[in-house]
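Residue 10 is where the sequence shown starts when you use the working numbering, and the numbers rise one by one after that.
All C-beta atoms in this analysis are idealised placements derived from N, C-alpha and C, irrespective of residue type, glycine included.
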Amino acid sequence: MTAQLSDFARSLNVETAFTVLAVAKKLKAAGKDVVELEIGDSPFNSTASAIQSGLQAINDNQSHYCPSPGLPEFRDAAARFLKREFSVPVAAENIAVGPGAKVFEQFFCEAFLNPGDGCLVFSPHFPT
């Protein structure tokens, strides 16, 4: 018996953002003024304080997975920020932290949409 990939697996392609990145690189090489926002890779170097903080975290052996919803100290700070800046009282335990927008788009779809449901998506958007 031979294993066959699913239709879904066969339909997978390169992340569209990387296709856009390739076009942006070509335009830049041609002398065009391009601001790259397609893959979340900052065009700026890390600040000295960020580098020092990262090195300190490694030296302090803080290089393991954090709690799934995020570090408690960060969640507390986010709750204070939301209250101070937007007058939104939110408890830190109701804040989840993630590595970017995509994971929360996926969570939303899994939590609220069923097969066949419609959903409006703003553009530009993540193609995945």
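Separation of residue j from residue i, as counted between CA atoms
i	j	result
Y74	L80	10 angstroms
P78	G40	43 angstroms
S153	T28	In the structure displayed, the chain extends from 10 to 137; residue 153 sits before or after that span and is not available.
Opening and closing residue of the alpha helix (DSSP H) in which residue i lies
i	result
L64	A57 to N68
T25	T25 to A38
L91	P81 to F95
A12	Where A12 is concerned, there is no enclosing alpha helix (DSSP H), given that its DSSP letter is neither H nor E.
V112	A110 to F121
Close beta carbons around residue i, own chain, < 7 angstroms, minus the five adjacent residues each side
i	result
R83	The sequence shown places Phe at residue 83, not Arg. Same-chain partners within the cutoff: V106.
K37	V43
A88	V99, A100, A101 and I104
Own chain partners of residue i with C-beta closer than 8 angstroms, once the 5 adjacent residues on each side are dropped
i	result
L21	none
Counting pairs of Cβ atoms below 8 angstroms between the region 116 to 135 and the region 85 to 102, do you hit three or more? Segments in contact, no.
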